[in-house]
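Visitor: Take this structure first; my questions come after.
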């Protein structure tokens, strides 16, 4: 019994850290109806600012005021004003992708501003971290642990008080459901939403500063993992019950304490299961809990007042222009390929080869998000599966790398299909969270093993050898040709599926699952099919990536890449094969160009920030930036050439023989 | 003075144009019926009045104040209450919360409570379900709730789109009784309807829209022949019998 | 009750949401070639009944069968393939697709019992049979001239007809129509009535939920009145509307 307690008791303060974030999430969700994905990043920003200020010798109370009371709400205001307010209330994908963009970009912005040197965490606010204040069941409790518990108790009081004030909460929930409908009541939705976001951000900042001393150094990754773990705790209370969230957080901490105590450090349980507990719990709750499945499942009653979605410009532009553009596009592609093969210097040839490989991985997002309308946050994990299978087979069993790549792709496909099975009843935000939990599960409990992700020093992956042609040299342009051929094959395949009957079914399911199922389309089969195919594509791309780089380790495929990938592809244009290729090429080209910048600006963080900023435009143009620009330029070109305009042609198509113009589109 | 006035309004959605220089006005305390076939632009009129669709040309005046291009909340504060087509309720909030949201803004807490009780007296069905999320109500019940939100306080002018859509005959009768009571208390009405006969009986003026243009404006008796003429081309015996009001045989 | 061998049969169906009973022991039969009107006050449980028959909702007790075979436990897409088609009160169309594409998708999805590998790479075009069927359906619902317009660009009335066409293609056994005339103008309602009246000859049964009584009296063979989740009257239109209980509950007039 005393052993049990000596393992369980230290788990309580740690569980309290989960509980604090969990209560913050519940409070935000209850008052605003927004599931604030960026919560972890906002917490990090405040914690970082606080630490920097303390380091500059600012008094702790003043640092606290600046980082939490001033900066955090200001950040919330900016996020609302310039991002979330511009997204239609019903566009779940846009909301999700924008939140993911904020999630990955915020920490990068902070690191760009202050540098990424290791920073040690600040001391607790009030108590002495090292001093033992009391013993609980003969387990010593130090100042840090005591303060965490006290803070949690304080947080419970704050949260209860806020939730008690119902009138404001009512208005906010209405504003989140449909800002325009609330405005019809004479209430300014914009102010209500600003206030809600500022409040949520304040909570995040508070949690961030309170939790900073928990970790020896200040790292964003801790906050990201904390967010998901806290989400599991909050999910216990259906994201609505504060007491259950508190209980869930503490229980999670205690279970982890017990597990780390009882499992010997060398056992597979300790290395494999322990870090996976929160993610497993979240995955199970998402699948099993009915109320979580319907998270954010809402319709805007005023959607009919919006103009209909723009028709892809490729459909509406004039035949003359269409011919010119198609010819020009092909000429450009041929010119690019010839250039790489002839005069382009080695490092740029390598970069563009990487772009081709990324395009293959990005095509997997075209399938999942573009065709089935779901957001998957584990595509880098699938790429990792393909890469590690191919690499391990090549290194340990002498399997040729190209054969290994095919086996890896099939392996990823199987995992994708199996992963899709529990997700059959999920869509939108809950599905995205489930995929994120799976990605973190792989990062923490699978890839770290040397039989999977290889030794920490990295796996050495061979380049393929085809007959007498050796693609081994880094500057080899043969690999470029190989990757290009694979990309053309995959792109053609995706286009075939898009055009085939299955593609039509997916169009229907994306637009209205209710309507699609009522005519006999099996949504589960379609979902499993898309996930499996998409995982296979990502796996194939991952294996090629491994072979291109010639050395890989688990960090190359961690969950953050999944998030960045989705942001990049969705921003560029997720509906078309061309969009994925443009995303792949621009991703590497931007990164390569920025690498010429001095110091930390060239470190790669800036590229992520730039793509996240591009995602801001996505909120306004859900068809993607590239497609939007294409439409604008086509419109201009046709007016200039006197060909009429795409808009006129759309109206003609709709009203051709009836002569009646629509009284508003139907949403 | 006109409670509501549209002057030469042109409006649409993206590339589509739904209204083409339409003008109409509702005098203080008056009742205007707006009828016409589908696609004529009736719903767009309602949306322009509410501020949900901004006209590309023309002006919107509420109580003489030019509110062209103003945000919906400003128009609402000028005294215009809208009942949009379909379900104008917050699905995730309870029935009572939906009503409180409407009443609490304009009336003090005490008056809001009175209005709430009066509404529940008028709609016993809503009282039984006051704690239920509005999204769990049936389609027709949600429609009644969105009407009840407007009937509870007395705005200067009410714009109701597709008033009797999805309502049972008994509910339609009830709503018309309540509209008369609201009108008697001094509120002006712009009622948009598909079922023309009943609304023409209520109104003191009628406007007929056809393809975004005002085809007729005048006394209600004059509207029916115009509507028939517009629908005329395809009128069959079936259509004639169906154009009758939805009253029991 | 005699065992029906072909139509839709609902037996002692009950649905409870939390503590509230939405349906309470409802029995109802729709034979092939018969149009049954389902009317009742707002919130009587009409849409709930249709959702149970279509599989969008699982009943608390009771059963639904088609042609003597139980549909209980089957998801909506399997019921659709067995011959239960439906339209929605709040329309559920695919805005970016054209009218023709709606019909193609429905024709193919309903006809095929399972996914075929060829559907992954075929051209996604209707074959000859399907083309004929699509053309006939377009003609029937009067949308032939707008077949290639994206549905997002059509007015509400046309969208309801698209939904009806989508439900009718592939000759279902029974169509569940949830307020199809809601929001239609007189001209469109005439088209709707014409379409509905052609169905009995093709052996299609219809369960028609409507508040539009002239339409109900025009097309329905039989009317069932639902009130507070129970059937309070059933029979020919005139007789049912003369029933004092119906007048009180539904028409708002005491006879």
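Residue numbers (the working numbering), protein chains in the order written: chain A, 225 to 891; chain B, 1397 to 1645; chain C, 373 to 627. Where is the CB? At the ideal position from N, CA and C, for every residue including glycine. Bear in mind that the values here come from a model prediction, so they are computed numbers and not experimental data.
#1: Residues of chain A with CB closer than 9 angstroms to the CB of residue 1480 of chain B, please, in chain order.
#2: Taking Cβ-Cβ distances shorter than 8 angstroms, what residues in chain C pair up with residue 401 of chain A?
#3: Name, in chain order, the residues that DSSP records as bridge partners for residue 1409 of chain B.
#4: Can you tell me which of A:840, A:685, A:841, A:788 puts its alpha carbon nearest to the alpha carbon of residue 767 of chain A?
#5: What did DSSP end up calling residue 1468 of chain B once you bin it into helix, strand or coil?
#6: Mind checking residue 511 of chain C: buried by the 16 CB within 10 Å criterion, or exposed?
#7: For the putative contact between residue 607 of chain A and residue 631 of chain A, defined by C-beta atoms under 8 angstroms, what is the C-beta separation to the nearest angstrom?
#8: Out of curiosity, what's the CA-to-CA distance linking residue 910 of chain A and residue 764 of chain A?
#9: Which residues, in chain order, does the stretch 549–562 of chain C contribute to contact with chain B at a C-beta distance below 9 angstroms?
#10: What residues in its chain sit with their C-beta under 6 angstroms from that of residue 783 of chain A, if we drop five residues either side in the sequence?
#11: Examine chain B for any beta-carbon lying closer than 9 angstroms to the beta-carbon of residue 421 of chain C, and answer yes or no.
#12: Could you tell me whether the stretch 456–471 of chain A touches the stretch 261–278 of chain A, using the rule of 3 or more Cβ pairs below 8 angstroms?
#13: Given a cut-off of 9 angstroms on the beta-carbon distance, is the pair residue 573 of chain A and residue 246 of chain A in contact?
#14: Under the assumption that residue 624 of chain C contacts residue 1617 of chain B (Cβ atoms under 8 angstroms), give the Cβ distance between them as a whole number of angstroms.
#15: In three-state DSSP terms, what is residue 439 of chain A?
#16: Quick one: does residue 395 of chain A have its CB under 9 angstroms from some CB of chain B?
#17: List the residues of chain A whose Cβ lies closer than 8 angstroms to the Cβ of residue 464 of chain C, in chain order.
#18: Does the beta carbon of residue 445 of chain C come closer than 9 angstroms to any beta carbon on chain A?
#19: Check for me: the alpha helix (DSSP H) holding residue 468 of chain C runs from which residue to which?
#20: Are the CB atoms of residue 428 of chain C and residue 551 of chain C within a distance shorter than 9 angstroms?
#21: Could you list which residues in chain C have their beta carbon closer than 7 angstroms to that of residue 725 of chain A, in chain order?
#22: Residues bridged to residue 356 of chain A by DSSP?
#23: So, does the CB of residue 428 of chain C fall closer than 9 angstroms to a CB anywhere in chain A?
#24: Report yes if the CB atom of residue 259 of chain A is closer than 9 angstroms to the CB atom of residue 274 of chain A, and no otherwise.
#25: What residues in its chain sit with their C-beta under 8 angstroms from that of residue 541 of chain C, if we drop five residues either side in the sequence?
#26: Closer than 7 angstroms between beta carbons: that is the criterion. Which residues of the stretch 1400–1421 of chain B meet it against chain A?
#27: Could you list which residues in chain C have their beta carbon closer than 7 angstroms to that of residue 729 of chain A, in chain order?
#28: What is the DSSP secondary structure of residue 229 of chain A, counted as helix, strand or coil?
#29: With C-beta atoms as the reference, is residue 611 of chain A less than 9 angstroms away from residue 769 of chain A?
#30: Mapping the DSSP letters down to three states, classify residue 633 of chain A as helix, strand or coil.
#31: Give me the chain B residues within the contact set of residue 398 of chain A, using Cβ-Cβ distance strictly less than 7 angstroms, ordered along the chain.
#32: With DSSP run on the structure shown, which of helix, strand or coil describes residue 1459 of chain B?
#33: Residues of chain B with CB under 9 angstroms from residue 599 of chain C, in chain order?
#34: Is the CB-CB distance between residue 827 of chain A and residue 270 of chain A below 9 angstroms?
#35: Which same chain residues end up closer than 7 angstroms to residue 424 of chain C when comparing Cβ atoms and leaving out the 5 residues on each side of it in sequence?
#36: Can you tell me where the beta strand (DSSP E) holding residue 382 of chain C begins and where it ends?
Guide: The structure says:
#1: Here residue 1480 of chain B is taken as the residue at index 84 of the second chain, counted from 1. 405, 408, 525, 526, 528, 529, listed in chain order.
#2: Reading the first chain from its first residue, position 177 is the one you call residue 401 of chain A. Simply none; closest approach about 16 angstroms.
#3: Stepping through the second chain from its first residue, residue 1409 of chain B is reached at position 13. In DSSP, residue 1409 of chain B forms a bridge with B:1412.
#4: Along the first chain, one-based indexing puts residue 767 of chain A at 543. It is A:685.
#5: Along the second chain, one-based indexing puts residue 1468 of chain B at 72. In this structure, residue 1468 of chain B counts as helix in the three-state DSSP scheme.
#6: Reading the third chain from its first residue, position 139 is the one you call residue 511 of chain C. Looking at its Cβ environment, which holds fewer than 16 other Cβ atoms inside 10 Å, residue 511 of chain C is exposed.
#7: One-based indexing of the first chain puts residue 607 of chain A at position 383. One-based indexing of the first chain puts residue 631 of chain A at position 407. Contact between residue 607 of chain A and residue 631 of chain A is ruled out by a C-beta separation of about 15 angstroms, above the 8 angstroms threshold.
#8: For chain A, the structure presents residues 225 to 891; residue 910 of chain A sits outside this window and is missing.
#9: 550, 551, 553, 554, 555, 556, 557, 558, 559, 560, 561, 562
#10: Reading the first chain from its first residue, position 559 is the one you call residue 783 of chain A. 663, 664, 667.
#11: Position 49 of the third chain, counting from 1, holds the residue named residue 421 of chain C. Residue 421 of chain C does not count as touching chain B.
#12: no
#13: Translated into the one-based positions of the first chain, residue 573 of chain A becomes position 349. Translated into the one-based positions of the first chain, residue 246 of chain A becomes position 22. Not a contact, by the Cβ cut-off of 9 angstroms.
#14: Start at 1 with the first residue of the third chain, and residue 624 of chain C comes out as number 252. Start at 1 with the first residue of the second chain, and residue 1617 of chain B comes out as number 221. Wrong, their Cβ atoms sit about 26 angstroms apart, outside the cutoff.
#15: On the first chain, position 215 is the one that residue 439 of chain A refers to. Annotated three-state conformation of residue 439 of chain A is coil, per DSSP.
#16: Position 171 of the first chain, counted from the first residue, corresponds to residue 395 of chain A. Yes - at least one Cβ of chain B is within 9 angstroms of the one on residue 395 of chain A.
#17: Residue 464 of chain C sits at position 92 when you count from the first residue of the third chain. Simply 736, 738, 739, 742.
#18: Along the third chain, read from residue 1 onward, the residue named residue 445 of chain C stands at position 73. For residue 445 of chain C, the answer is no, since every Cβ of chain A falls outside 9 angstroms of its Cβ.
#19: The residue given as residue 468 of chain C occupies position 96 in the third chain. Counting along the chain, residue 468 of chain C falls outside any alpha helix (DSSP H), and DSSP gives it neither H nor E.
#20: By 1-based counting over the third chain, the position of residue 551 of chain C is 179. By 1-based counting over the third chain, the position of residue 428 of chain C is 56. No, Cβ-Cβ distance for residue 551 of chain C and residue 428 of chain C is not below 9 angstroms.
#21: Start at 1 with the first residue of the first chain, and residue 725 of chain A comes out as number 501. What residue 725 of chain A touches in chain C: 480, 491, 494, 496.
#22: Your numbering for residue 356 of chain A matches position 132 in the first chain. Beta-bridge pairing links residue 356 of chain A to A:366.
#23: Here residue 428 of chain C corresponds to residue number 56 of the third chain, with the count starting at 1. It does; some Cβ of chain A falls within 9 angstroms.
#24: In the first chain, the residue the question calls residue 259 of chain A occupies position 35. In the first chain, the residue the question calls residue 274 of chain A occupies position 50. No, the Cβ-Cβ distance between residue 259 of chain A and residue 274 of chain A is not below 9 angstroms.
#25: The residue labelled residue 541 of chain C in the question sits at position 169 within the third chain. So the list reads 475, 478, 479, 482, 505, 506, 509, once near-sequence residues are dropped.
#26: 1409, 1410, 1411, 1412, 1413, 1414
#27: Numbered from 1 along the first chain, position 505 holds the residue referred to as residue 729 of chain A. Within chain C, the residues near residue 729 of chain A are 477, 481.
#28: As a first step, residue 229 of chain A is located in the first chain; it is residue number 5 there, counting from the start. Residue state, collapsed to three classes: helix.
#29: Residue mapping note: residue 611 of chain A aligns to position 387 of the first chain, counting from 1. Residue mapping note: residue 769 of chain A aligns to position 545 of the first chain, counting from 1. Result yes, Cβ atoms of residue 611 of chain A and residue 769 of chain A sit closer than 9 angstroms.
#30: Against the first chain, residue 633 of chain A aligns to sequence position 409. Reduced to three states, the DSSP call for residue 633 of chain A is helix.
#31: As a first step, residue 398 of chain A must be located in the first chain, where it is residue number 174. Neighbours of residue 398 of chain A on chain B, chain order: 1486, 1489, 1497.
#32: Along the second chain, one-based indexing puts residue 1459 of chain B at 63. Under the three-state reduction of DSSP, residue 1459 of chain B is assigned to coil, being neither helix nor strand.
#33: Numbered from 1 along the third chain, position 227 holds the residue referred to as residue 599 of chain C. Within 9 angstroms Cβ-Cβ: nothing; residue 599 of chain C doesn't reach chain B, min ~10 angstroms.
#34: Taking the first chain and counting its residues from 1, one reaches residue 827 of chain A at position 603. Taking the first chain and counting its residues from 1, one reaches residue 270 of chain A at position 46. No, they are not a contact pair.
#35: Here residue 424 of chain C refers to the residue found at position 52 of the third chain. So the qualifying residues of the chain are 385, 387, 431, 436.
#36: For the purposes of this step, residue 382 of chain C is identified with residue 10 of the third chain, where counting begins at 1. From DSSP, the beta strand (DSSP E) with residue 382 of chain C extends over 380–389.
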